[in-house]
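Letter by letter, the sequence shown follows residues 700 to 1240 in this note's numbering. Don't be surprised by glycine CBs; every beta carbon is placed ideally from N, CA and C. What follows is a short report on a single structure.
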Amino acid sequence: MVVILSGRYIILLVMIVIVPILLAWLQVLVLGIHSASVPVAGITIGAPNGAPRGFPVWIRWTHFANLLFIFLLIRSGLSIVMDHPRLYWNNGCTPGTEWLRLTPLEVPKDRIWTANDDARYISPLIALPGYRHTIGMSRSWHFITDYGFIFVGIIYVGMLFASGQWPRLVPTSWAIVPYAWETFVHYVTFHFPAEPNGFYAYNALQQLAYFAVVFIMAPLSILTGIAMSPAVDNAFPWYPRIFSGRQGARSIHFMLLCGYVAFVIMHVSLVFLTGAQRNFNHIVMGTDDTRPLGLIIGCIGLALVVGSWIAAHVVAWRSPRAIQRFHEMLILPLERIMRASTRLNPRERYTRKDISPYFWANGKMPDSDEWKRLAAEDFHGYRLRVSGRVENPVDLSLDELRALPRDEHVSLHHCIQGWSGIAQWGGISMVRVIGLVKPLPGASVVEFISFGEGTFGGAYYDTQRVEDLVKPECLLAYEMNGMPLPRVHGAPVRLRVENQLGFKMVKWIREIRFVETEKALGDGQGGAKEDEEYFDLLPYI
Ligand SMILES: Nc1nc2c(c(=O)[nH]1)N[C@H]1C(S)=C(S)[C@@H](COP(=O)(O)O)O[C@H]1N2
Ligand SMILES: [Mo]
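Printed below as a string of C-alpha cells:
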C-alpha cells in the first residue's frame, strides 16, 4: 500500500512525534531520570474504605466485545477508505489538494478519470472484505458493527459511572499532566519503570490514554461518522462545518482509525511487557494472581476475534445478500424516522461562491448508439418519457422541459465512495413532474432508467419512493453551475435528491416509470448498485 503524505503534514507529523521524544531525551541527559517508578494517576482505584475493586465482570465482557467490534470497524473502515483513497480538507476534493493519498496515482488530466477508476485494491488480510471497490459490503459490515460498538460503549460508560469505577479513567487533577510526561520520559528513554498494579490503579500516562480513547476518540468517531451523512449534512449544513466540512470529518474519522491502531499496538505491547500472565488474569478472570489460566483463556478469546474476521470475510463473499438484508433490517427504524421527519428535509444553505472548483465524475459514459446520436445533435431529438402507473403519461423534449417552471439550488453531493462536491443544479422539481403525470393509487415507487450501463452491463437504473421525490430540492436537472448539464455529469437530464448518496441520482436519464414496488425490477433490490454491488437501501447515511 502506497502512502503519500503532503509535505506540510510530514513536517507536522515529525513535530508531533519526534519533538516530544527529543525533549524527553534532553531532559534525561540534563536532569537524569527521576525515579525507578512512574507516578500513579493520583488516585487509587479502591472503594472509599480502601478495598480494591479490580475488574468486575461487566468490565471484562465489555472489554472483550469492544475488542471484537473495534477490529471489525477498523478492517471494514480500511476497505471503505480505499474506495476513494484520498483525504482532503476541502469539500470539492480537488485532485492535488489531498493531504494524504493511499494511491500512487495522480489524477490524469487528459482523459475522463472517474471516482470508480480511482478505487484501489486492499488485501483481504487486513481489510474487510478487502479487494477493490467492495464498498457495499464493507459499509454493511461497518454499520452492523457500529450498532455493537455503540451499544457496548453505552453499557460500559454507564456502568463506569454507576459503579463508581470512573476514577480509573477520568483524571481528577491537573497533576496528571506532569505525571504523564514523567511516565512518557521513562518509556521513550527505555527506563522501564516499576508499574502500579493495574488491578488497582493505572500510571498517569496509561490513564490519560484510556481516557482519551473512551471519552474523546470514540465520541469523535461517532460524531464525524454522522457528519458524513448526506441527509444530516444537507438538512443541517452547519454540522459538518464543525469538522471543517464533510472531508474534514472524513479525514478526522480516518485519523481516529489510525489512532486506534496505534493504541492497540502500544496497549498490547505493554500488556505483554509488564507481566502478561498477571495482566491477563485481571482482564479475563478478574483475579489478581499469576496463574496461567487468564493467558490461556485470553488467547482463546483472541483466536475468536481473529476467527470473527475470517467468518465475516466468508459471509461477505458467500452470502452478501444476507449481510445486505441484515444491515437493512437494523437500519429500517432509522430509515423510517429519517424519511418521515421534515426536520431532515434538505435545505440549501450554500451559495454560488461555495461551488467547488472541481467535481468528480462517476459511472460509465453511455456508449449506446442512441445516446451518441442524440448527443451529436445536442439532444434536439431527445424525448423524456414519464409513464407507468400514471393518469397522464408525458413525453417531453428538452425545450418543453425547459419551458416548464425552473428550480435551482446549490448543494453538497455525497458519493458513497467518500468524495463530495458543491454544485448548483437547475431543472424541474420532481414535485412538478408528479403533478403533471398524476400517479395512480398504489404507484409509490419511481424507476429512473439510464442510457448508461451498470458496472456489470445492463441498463443502470435506480428507484425512489414518491415521499422522497416530493421533498424540497429534488430535481430533474438539465443544468449544472448555470450551464447545460455536461455530458460526463449526465446530459441531457439527471436526477438530484439532496438527502441521499450519489448512486441514487441516475444520470443520462432515458425514461421514468411509476411502479408499485421495486421488487419486480432487476434483482428486486431497488437499483443497479443495490442489485449488483450490495449498496445499502438507506442512502441517507
Ligand atoms: N447512469 C448512471 N448514473 C449514475 C451513476 C452511474 O454509474 N450510472 N453513478 C452514480 C454515482 S455512484 C454518483 S456518485 C453520481 C456521480 O455524479 P457525477 O458524475 O455528476 O459526479 O452519479 C450517479 N449516477
Ligand atoms: Mo457514488
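Separation of Val913 from Phe979, as counted between CA atoms: 20 angstroms
Any non-hydrogen atom of ligand 2 within 8 angstroms of Asn765 CB: no
Bridge-paired residues (DSSP) for Pro1183: Glu1178
Beta carbon nearer than 6 angstroms to a non-hydrogen atom of ligand 2: Asn1061, Cys1114, Ile1115, Gln1116, Gly1201 and Phe1202
Residue from Lys1218, Ile773, Arg774 and Pro803 with nearest C-alpha to Arg785: Pro803
Residue(s) in a DSSP beta bridge with Phe1213: Gly1087 and Val1145
Own chain, CB closer than 6 angstroms to Asp1053, minus 5 neighbours either side, in chain order: Ile1121
Presumed contact (8 angstroms Cβ cut-off) between Ser1096 and Phe1150, rounded CB distance: That pair is no contact at about 16 angstroms.
Secondary structure of Ala746, DSSP reduced to three states: For Ala746, the predicted model reports a pLDDT of 46, less than 50, meaning its position is unreliable and no value from the coordinates is stated.
Rounded C-alpha distance that separates Ala735 from Phe889: 11 angstroms
Best match in Ile811, Thr989 and Val1085 for proximity to Met1064 [C-alpha to C-alpha]: Ile811
Coil, strand or helix - Pro751 by DSSP: Interpretation of Pro751 is limited by its pLDDT of 46, a score under 50 that renders its predicted location unreliable; the figure taken from the coordinates is listed afterwards. Strand, per DSSP.
Per DSSP, cross-strand counterpart(s) of Arg945: DSSP lists no partner for Arg945.
With 16 other Cβ atoms within 10 Å as the buried cut-off, status of Ala1021: exposed
Beta carbon of Pro1138 nearer than 9 angstroms to that of Val1089: yes
Beta-carbon proximity check, Val1192 vs Leu1220, cutoff 9 angstroms: no
Any non-hydrogen atom of ligand 1 closer than 8 angstroms to His832 Cβ: no
Extent of the continuous alpha helix (DSSP H) run through Glu1244: Outside the shown range of the chain (700 to 1240) lies residue 1244, about which nothing can therefore be said.
Distance cut-off 8 angstroms: Met1204 Cβ against heavy atoms of ligand 1: yes
Contact between the stretch 1227-1236 and the stretch 829-840 (3+ Cβ pairs under 8 angstroms): yes
Cβ-Cβ separation, Tyr959 to Ile773 (assumed contact under 8 angstroms), whole Å: 6 angstroms
Start and end residues, alpha helix (DSSP H) containing Val1196: Taken as a continuous stretch (DSSP letters only), Val1196 belongs to no alpha helix (DSSP H), being part of the beta strand (DSSP E) at Arg1193 to Val1196.
Local conformation of Gly741 per DSSP, three classes: Note that Gly741 scores 48 on pLDDT, short of 50, meaning its location in the model is unreliable and no value can be drawn from it.
Contacting residues, own chain, Cβ-Cβ under 7 angstroms from Asn674 (five flanking each side not counted): Only positions 700 to 1240 of the chain appear in this structure, which leaves residue 674 out of reach.
Residue closest to Val701, alpha-carbon to alpha-carbon, out of Tyr899, Val716, Met781 and Val1085: Met781
Spatially closest choice to Ala1060 from Val1187, Asn1044, Glu1166 and Ala1002, by CA coordinates: Val1187
Distance, Gly776 Cα to Tyr1049 Cα: 29 angstroms
Any non-hydrogen atom of ligand 1 closer than 8 angstroms to Thr1162 Cβ: no
DSSP state of Gln1123 mapped onto helix, strand, coil: strand
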